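Working notes, beginning with the structure itself.
Protein chains: 8
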Amino acid sequence: MKDNHSKLDFDRFSRIGLEEAIYCEFKTGVLVNEILKQFLKKNKHCLLTRLSENKLNQIDSLIQKKIEYCSISNTAFFNFPEHSLSQDKKVAVLCAGSSDLSVAYEAIRTLSYYGKNSLNLFDIGVSGLWRLTEKLEQIQSTSVVIAIAGMEGALPTVLGGLISQPIIAVPTSVGYGVSKGGHTALNALLASCSSGITVVNIDNGYGAACAALRILKIT
Amino acid sequence: MKDNHSKLDFDRFSRIGLEEAIYCEFKTGVLVNEILKQFLKKNKHCLLTRLSENKLNQIDSLIQKKIEYCSISNTAFFNFPEHSLSQDKKVAVLCAGSSDLSVAYEAIRTLSYYGKNSLNLFDIGVSGLWRLTEKLEQIQSTSVVIAIAGMEGALPTVLGGLISQPIIAVPTSVGYGVSKGGHTALNALLASCSSGITVVNIDNGYGAACAALRILKIT
Amino acid sequence: MKDNHSKLDFDRFSRIGLEEAIYCEFKTGVLVNEILKQFLKKNKHCLLTRLSENKLNQIDSLIQKKIEYCSISNTAFFNFPEHSLSQDKKVAVLCAGSSDLSVAYEAIRTLSYYGKNSLNLFDIGVSGLWRLTEKLEQIQSTSVVIAIAGMEGALPTVLGGLISQPIIAVPTSVGYGVSKGGHTALNALLASCSSGITVVNIDNGYGAACAALRILKIT
Amino acid sequence: MKDNHSKLDFDRFSRIGLEEAIYCEFKTGVLVNEILKQFLKKNKHCLLTRLSENKLNQIDSLIQKKIEYCSISNTAFFNFPEHSLSQDKKVAVLCAGSSDLSVAYEAIRTLSYYGKNSLNLFDIGVSGLWRLTEKLEQIQSTSVVIAIAGMEGALPTVLGGLISQPIIAVPTSVGYGVSKGGHTALNALLASCSSGITVVNIDNGYGAACAALRILKIT
Amino acid sequence: MKDNHSKLDFDRFSRIGLEEAIYCEFKTGVLVNEILKQFLKKNKHCLLTRLSENKLNQIDSLIQKKIEYCSISNTAFFNFPEHSLSQDKKVAVLCAGSSDLSVAYEAIRTLSYYGKNSLNLFDIGVSGLWRLTEKLEQIQSTSVVIAIAGMEGALPTVLGGLISQPIIAVPTSVGYGVSKGGHTALNALLASCSSGITVVNIDNGYGAACAALRILKIT
Amino acid sequence: MKDNHSKLDFDRFSRIGLEEAIYCEFKTGVLVNEILKQFLKKNKHCLLTRLSENKLNQIDSLIQKKIEYCSISNTAFFNFPEHSLSQDKKVAVLCAGSSDLSVAYEAIRTLSYYGKNSLNLFDIGVSGLWRLTEKLEQIQSTSVVIAIAGMEGALPTVLGGLISQPIIAVPTSVGYGVSKGGHTALNALLASCSSGITVVNIDNGYGAACAALRILKIT
Amino acid sequence: MKDNHSKLDFDRFSRIGLEEAIYCEFKTGVLVNEILKQFLKKNKHCLLTRLSENKLNQIDSLIQKKIEYCSISNTAFFNFPEHSLSQDKKVAVLCAGSSDLSVAYEAIRTLSYYGKNSLNLFDIGVSGLWRLTEKLEQIQSTSVVIAIAGMEGALPTVLGGLISQPIIAVPTSVGYGVSKGGHTALNALLASCSSGITVVNIDNGYGAACAALRILKIT
Amino acid sequence: MKDNHSKLDFDRFSRIGLEEAIYCEFKTGVLVNEILKQFLKKNKHCLLTRLSENKLNQIDSLIQKKIEYCSISNTAFFNFPEHSLSQDKKVAVLCAGSSDLSVAYEAIRTLSYYGKNSLNLFDIGVSGLWRLTEKLEQIQSTSVVIAIAGMEGALPTVLGGLISQPIIAVPTSVGYGVSKGGHTALNALLASCSSGITVVNIDNGYGAACAALRILKIT
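Residue numbers (UniProt numbering), protein chains in the order written: chain C, 1 to 219; chain A, 1 to 219; chain X, 1 to 219; chain H, 1 to 219; chain F, 1 to 219; chain B, 1 to 219; chain D, 1 to 219; chain G, 1 to 219.
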């Protein structure tokens with residue numbers, strides 16, 4: 001595996017306020033290893049997404065030691081200095097069912113990589129509407145809402161009629177039959193009758209967090 | 001157009017409690033005319049669905065006179081004796097938006113053909129949740145609920161967490177882009193996290209009413 | 001895994017007459033375990049669906065002991081008191097082929113969780129029509145019919161022309177090529193020329209049973 | 001429009017026993033006209049399919065005079081000598097609903113172009129099973145069966161379990177929502193649990209007749 | 001057409017800071033008319049979207065007089081008081097080709113309904129990269145960017161690597177073959193390798209503007 | 001596993017000239033075993049399709065001894081008496097590439113189960129046209145042609161312009177990207193410009209053989 | 001309609017050797033008119049594609065006079081100086097059926113705009129293989145082949161096994177049912193077993209010609 | 001496994017300048033082995049694609065010794081004489097991300113099999129535009145460009161506006177959710193607003209190289 005197999009964009013943060021993250025799903029362990037070596041050589045840190053435990057274990061032990069891994073979301077912080085999170089919670093991360101946890105944690109971890117604390121509310125789907133309404137005031141106190149839902153994806157639509165903040169909806173691949181793969185939730189979110197909801201790719205907790213960070217930057 | 005082009009199933013009511021309805025969308029005006037003549041010859045009445053005004057006008061004027069037409073739903077009663085509807089409203093017909101009216105009326109007309117009155121509530125979609133909750137008690141007083149929704153189709157899901165009756169969900173073709181054709185609403189309804197919701201074809205108000213009639217028959 | 005990862009809706013039965021079931025497919029064994037602990041703490045029972053044997057084995061042995069598991073349908077009763085089923089069989093569960101057994105058993109088990117006995121007829125698909133017609137009278141003696149079919153899904157359509165009860169059709173993922181995944185059966189059922197058939201998601205025996213229970217409640 | 005815009009395959013009959021037919025749907029009236037002139041110059045006849053009445057009227061009146069047109073199927077015989085049909089009916093053309101007539105007539109006309117009489121039975125779909133069973137013996141007396149069905153396409157499947165002849169199934173574009181375009185009927189026919197059914201393109205009555213002719217040739 | 005055919009949500013602005021807009025595509029002219037009468041009765045104004053010129057002309061002339069119509073975007077302001085736009089341009093509305101104009105104007109008009117001026121740059125797609133780069137500084141001076149693109153939808157992706165603001169991407173139905181309907185642009189935007197881009201439904205200029213307004217509200 | 005889990009159609013051969021085959025893909029080993037026991041009890045034989053080696057090994061050793069298995073096609077003959085094949089080869093089984101072998105062998109084995117020898121020609125796809133043309137005369141000497149092709153599926157189209165017999169085309173799931181799953185080959189075969197080709201489900205060598213047998217029966 | 005609605009890329013030819021063409025399908029007549037005025041002001045010429053006759057007629061008569069229109073392909077040359085075509089024919093434009101003419105002419109016209117003559121062979125599809133083989137030598141004498149086919153798209157695959165030049169395949173939207181829209185031809189071309197065939201969008205004769213021009217530029 | 005299971009096209013190179021490659025994905029190890037034996041017997045060499053390491057290990061050790069394998073691209077050279085590559089680099093192989101490496105190497109290896117050196121540039125996607133622009137001159141020095149991209153596939157579109165050479169775009173299956181399988185990249189490339197880009201199947205590095213070789217042959 002030669003050095004020129006990747007060409008890292010170290011200036012991205014200065015251009016757009018977000019660093020290049022290492023998306024590991026289609027990279028071999030060998031390639032992830034080489035990329036991390038480049039970060040280490042420059043003494044830079046990075047965020048890794050979709051790093052399976054299996055692939056994690058293919059990484060050199062010296063490199064591995066500098067990785068802080070989260071097995072719920074398959075994300076990792078590499079060569080990351082200790083840092084504390086913001087006190088205030090400007091972003092709410094909501095998910096409709098406990099099956100959506102891995103996506104929610106991908107968002108939470110990304111926010112935390114950039115130093116942002118978040119209000120996290122899990123399993124508040126609309127088939128038990130009270131779970132949402134009892135938290136409404138708390139949700140309204142944040143600046144941006146990431147709303148995660150699989151299956152029919154009704155949560156963000158109901159939310160859209162109740163709150164005024166930006167809502168970034170994340171469809172998840174939870175479900176079977178017609179919902180499998182998350183395309184139904186995705187389409188339902190894009191077709192929502194509630195106005196002004198925006199959507200990211202299926203299971204893309206990372207992207208939703210980045211969109212929230214773009215918004216926070218201008219506030 | 002010869003007689004043997006259609007073979008009417010006059011005994012269907014005795015077998016399954018529902019008559020054969022004449023689905024006109026893919027029949028020429030000439031063919032519809034011939035079919036109605038057969039009904040007339042036997043002095044039978046029938047329900048016609050998806051009969052466009054244009055096709056209605058291609059029918060012989062003598063036959064046409066015996067047609068009672070509804071232009072919102074494109075349904076017609078042919079050779080139908082006067083009859084009064086039931087006092088009680090055992091079926092609720094709900095729709096999420098006023099764009100869903102034609103489907104709602106197809107259901108209402110079918111119920112009315114079989115003598116059933118219905119509780120009709122239009123434009124109560126979940127982006128303004130109060131419109132649903134203020135009617136909840138009224139809805140709970142019926143035996144069967146037909147819930148009609150296009151776009152993201154969230155109404156029946158929310159309803160499913162609030163009421164205990166049978167819910168027959170009807171997706172509609174209202175919407176554009178990802179929702180166009182009603183497939184997103186259909187899939188969202190089938191993938192609903194609310195338990196025990198059943199679904200019929202897109203825009204199939206007629207079928208939903210028939211399903212409600214099957215249920216009423218066993219109560 | 002923290003407590004707030006799930007927010008159980010213990011009041012659902014009082015609202016809609018159906019309890020919250022635990023859908024395990026996208027939950028880790030760890031998460032299922034935590035959820036069952038909450039049920040145990042409140043001394044409540046629950047139904048689990050799509051619980052693979054593999055995931056079952058990840059559950060704490062103390063918790064596991066209180067599980068009654070069915071390996072055909074991958075369903076489980078947790079902390080469930082002994083109970084006897086109704087004598088009468090108000091629901092018929094029919095399936096077209098013996099490949100559809102797991103879906104049929106998901107429906108049968110769900111009915112049985114709620115104390116309902118059922119008339120179960122397997123492998124009566126229409127390529128051997130006599131298998132259906134010889135059972136017709138028996139089927140007509142029930143109140144609600146759950147009709148399960150994969151491949152081309154013709155069984156419920158034929159049935160729809162022969163019986164007057166509510167028919168809840170369940171497409172299954174049985175088949176290959178054009179039928180794989182069950183979408184062809186699903187669409188064929190929704191497009192059926194037989195009136196008043198309603199449909200649930202592919203392989204959704206649980207949902208069909210819930211729909212039947214909603215109907216039984218109003219009879 | 002120049003001569004070289006089409007290159008007619010006048011030898012096809014000698015190679016495969018079927019002539020080149022003129023498929024008009026995507027040809028301008030001008031082009032159809034030019035093609036027919038070539039046939040006329042060689043004093044050959046031909047079959048035209050999917051020739052709308054509108055396009056028919058764009059053809060030179062001299063050419064038009066030599067056309068025998070059928071408005072149900074949009075087929076035409078050009079420059080065709082009088083001929084009588086076979087006495088026996090070796091092919092059965094069945095259709096499930098009267099909405100499928102245009103496809104049935106495309107098959108019937110093609111057979112008739114090649115001198116074959118056919119047993120034609122319309123509107124015998126399985127939602128009224130008696131309509132099929134009362135004709136079963138008659139159907140069994142033919143050599144090849146063309147079975148045409150839209151919507152859920154159940155007719156050929158039921159037929160497949162009752163007769164031993166070759167069955168050529170033709171899905172039609174009749175239906176709406178999930179069935180629209182005929183893809184559901186097509187897939188249901190290909191996925192049929194009845195063995196040995198073969199299928200042609202949606203609405204392809206012409207192709208089904210050609211397949212029947214190929215079979216008759218070897219008997 | 002009776003009053004209860006629509007149930008207007010006049011309180012929506014107080015709840016979420018956005019009014020209910022009248023989506024006219026699937027409403028008859030008669031229904032739109034009735035809805036506007038309700039607004040007039042309460043002396044309220046509203047925004048109408050997807051109002052074709054044809055449907056506009058079906059509206060009562062008295063009502064029509066109070067409509068300010070834009071034929072590029074098919075939007076209308078009803079009963080709207082004169083108002084001036086903000087001096088500053090906090091939102092940029094960019095589109096890749098001049099074929100995307102109608103969508104761009106739907107966004108611009110919606111912003112203008114809420115009093116927001118916008119920086120509008122048309123026809124700056126990436127096949128002529130200089131058109132984008134020469135405007136980069138101007139774009140960076142705004143707070144929120146609405147980026148509209150059909151066909152392959154590459155503009156927002158390139159933009160995402162160059163600017164740090166929130167980007168709301170709108171796919172359009174411009175294109176043919178594989179792009180027709182806008183699904184390719186939609187999917188390309190959701191799959192973008194640029195981080196933090198959010199997406200709305202195909203051709204949904206209205207929704208994009210609403211999302212921008214939600215963001216502006218928290219800044 | 002109880003007896004009533006399957007209801008075997010032992011009379012099928014007398015009705016339609018084809019026996020019920022056991023399609024094993026979605027049946028557990030336990031269920032296949034039970035079914036074979038029923039055949040043994042009646043001293044009947046049967047054909048099994050899609051029986052993986054893995055599932056084969058789950059069958060009781062006594063039952064297994066009576067199975068003659070083919071690992072290329074995953075088919076098995078159960079309890080089958082010795083028999084010799086017909087001398088003449090009335091069916092040609094052609095495949096485009098050597099990757100299509102398993103489907104070809106499913107057809108060959110099915111024919112052989114019914115005592116029919118076949119002319120088998122493998123790897124004669126049209127990218128090397130000479131491979132087809134040099135065998136043309138041999139192919140023309142048979143009565144029915146089964147033509148198997150994956151990827152773009154061009155072989156049967158070319159064949160259709162060269163021979164006059166019935167052609168049963170079988171698309172295969174060979175290929176990747178746009179062809180994966182065989183849907184492209186399937187659609188290309190259904191859309192073929194060659195007249196009178198019929199098609200069966202993807203990879204359905206069994207069904208193609210059954211269709212050939214139906215044809216042979218009437219010759 | 002204001003000037004800034006389009007931003008023409010007049011330098012494109014100097015960058016990539018191809019000019020910006022005006023794709024008219026989604027532009028109003030008013031917009032096309034404004035764009036052509038800009039070309040006139042700079043005394044530049046341009047190529048217009050997908051300009052319907054209807055839209056052509058909406059253009060100012062002065063502008064219209066400078067348009068040379070082709071109604072088969074809906075292309076136009078604007079403000080174009082007389083020019084003669086190359087003597088040699090380096091590009092072959094082949095189409096499978098006479099229904100593909102409009103796409104073929106879009107390619108031919110584009111080549112001609114850039115001064116290139118072409119070898120044009122229409123209606124040489126593989127269902128009459130002799131039509132292709134008799135022209136093989138002529139085809140082999142060119143440098144680049146544009147092969148156009150609808151329905152099952154087999155022509156380029158057969159061609160790919162017979163010639164060594166670059167083949168640019170163009171699927172067309174000719175066909176119905178499974179082929180309608182050209183997606184089947186497109187996929188069949190991309191999945192072709194013949195090596196080294198490249199593909200452009202459905203009906204994209206213009207793009208195929210541009211690709212050929214890119215190739216000619218390097219020879 | 002018998003000899004006649006494959007019919008190798010040893011003359012292909014003389015016909016079209018490209019040899020038959022062995023596509024191993026759907027062949028068993030046994031079959032690949034038999035094919036290689038045929039090559040060995042004739043002392044011919046060949047290229048193998050999509051040969052997994054697992055399948056490689058099923059090949060006889062004597063045959064295996066004559067294989068030169070590349071594990072990044074799963075390609076192999078069999079019985080290949082030593083040869084040196086061309087000095088000049090007429091083909092550029094570019095890929096957008098380091099996840100696309102396997103496809104890039106399939107192209108590079110194929111070119112190298114035919115003796116062609118190539119300019120290889122990895123990870124130059126447009127979210128960091130400088131990575132592309134700094135290499136532009138180098139890219140412009142080649143004759144043909146193979147541009148490989150997954151996800152939204154924007155790289156070839158941007159490239160198409162900057163260079164004049166033939167561009168063969170290869171979509172890759174890199175991505176998840178809406179991009180999974182590479183269909184979004186494929187469609188985006190086919191719908192590109194940049195003129196004259198041609199496309200091959202998803203992940204088809206081999207085909208792209210063959211297309212480049214076809215072009216080089218005429219230069």
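Beta carbons are placed, not taken as given, at the ideal position from N, Cα and C, and that holds for glycine. This one's a predicted model, so the numbers in the text were calculated from it and none came from an experiment.
Within the same chain, and ignoring the five residues on either side of H:LEU189 in sequence, the residues whose Cβ sits closer than 7 Å to its Cβ are GLY153, PRO156, ALA169, PRO171, ILE197 and VAL199. A distance below 8 Å separates the beta carbons of G:GLU68 and G:ALA76. At a cut-off of 8 Å between C-beta atoms, D:GLU152 counts as an interface residue with respect to chain B. Remark: three or more beta-carbon pairs, one from each stretch, lie closer than 8 Å, so the stretch 56-72 of chain B and the stretch 34-46 of chain B are flagged as touching. Contact between the stretch 200-216 of chain G and the stretch 91-106 of chain G is present: 3 or more CB-CB pairs across the two stretches fall below 8 Å. A Cβ-Cβ contact shorter than 8 Å links F:LYS217 with F:GLY17.
Within 9 Å of the CB of X:LEU31, the CB atoms of chain C belong to SER98, SER99 and LEU101, in sequence order along the chain. Proximity of chain F to D:ASP203 at the Cβ level (cut-off 9 Å) is accounted for by TYR176 and GLY177, in chain order.
Close CB contacts of D:ARG50 within its chain, under the 7 Å cut and outside five residues either way in sequence, are with TYR23, CYS24, GLU25 and ASN74 (chain order). Here DSSP, grouped into helix, strand and coil, assigns A:VAL174 to coil. Close CB contacts of C:GLN138 within its chain, under the 7 Å cut and outside five residues either way in sequence, are with LEU119 (chain order). Using a Cβ distance threshold of 8 Å, H:LEU56 and H:ALA21 do not count as a contacting pair. Scanning A:ALA147, A:LEU186 and A:SER192 for the CA closest to the CA of A:ALA212 turns up A:ALA147. The continuous alpha helix (DSSP H) containing X:SER14 extends over residues 12-16. Look at B:ILE215: its C-beta is under 8 Å from a C-beta on chain H. Taking 8 Å as the CB threshold, D:ILE124 lines the interface with chain H. G:PHE39: member of the alpha helix (DSSP H) spanning 29-41, first to last residue. Looking at the DSSP output, C:ILE67 bridges to C:PHE78. Relative to the Cα of F:GLU106, the nearest Cα in the group F:ILE215, F:SER6, F:ASP203 and F:ARG214 belongs to F:ASP203. It is roughly 22 Å from the alpha-carbon of A:ASN43 to the alpha-carbon of A:LYS27. Separation of the CB atoms of G:VAL174 and G:SER99 is rounded to 4 Å, and the pair is thereby assigned contact status at 8 Å.
Using a CB distance cut-off of 8 Å, F:ARG131 counts as an interface residue toward chain D.
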